[in-house]
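Structure first, then comments.
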Amino acid sequence: FTMHFPFNCNGLVDVAFGHGYKQICPISGFIALNDACPVFPTHETCKREETIWCVIDNHDGGAAHTIVCIATIEGS
Numbered sequence: 001f002t003m004h005f006p007f008n009c010n011g012l013v014d015v016a017f018g019h020g021y022k023q024i025c026p027i028s029g030f031i032a033l034n035d036a037c038p039v040f041p042t043h044e045t046c047k048r049e050e051t052i053w054c055v056i057d058n059h060d061g062g063a064a065h066t067i068v069c070i071a072t073i074e075g076s
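Residue numbering for the sequence shown is 1 to 76, as defined by full-length UniProt numbering.
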């Protein structure tokens, strides 16, 4: 899982990612960074019809921010 926080997010945009009822990244709470593109390798088993989700909360009342989140799924 990869996420990109552009410059000037200043820790004001929270991100969490998971599948089904399980939060994967971070394990609990949220990640909020600035000008960063962390990669979180995971080896999670996910069922075929299971929902993959990403929650993004912008707490910056003065500016909109575009956060990019990418999940790579492998398997049959």
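Just so you know, even glycine gets a beta-carbon here, dropped at the ideal spot from N, CA and C.
* What do you reckon, are the CB atoms on residue 7 and residue 54 nearer than 8 Å? -> no
* Who are the Cβ neighbours of residue 51 in its own chain at under 8 Å, not counting the five residues just before and after it? -> 19, 20
* **Selection from 72, 74, 57 that minimises the alpha carbon distance to residue 66** => Looking from the CA of residue 66, the closest CA among 72, 74, 57 belongs to 57.
* Asked: If you draw a straight line from the alpha carbon of residue 9 to that of residue 63, how long is it in whole angstroms?
  -> 9 Å
* Cβ-based burial, residue 40 [other Cβ within 10 Å; buried from 16] -> exposed
* Three-way DSSP call (helix, strand, coil) for residue 4 in this model -> Residue state, collapsed to three classes: strand.
* Asked: What whole-angstrom Cβ distance do residue 59 and residue 37 have, given they're in contact under 8 Å?
  -> Not confirmed; about 20 Å, so no contact.
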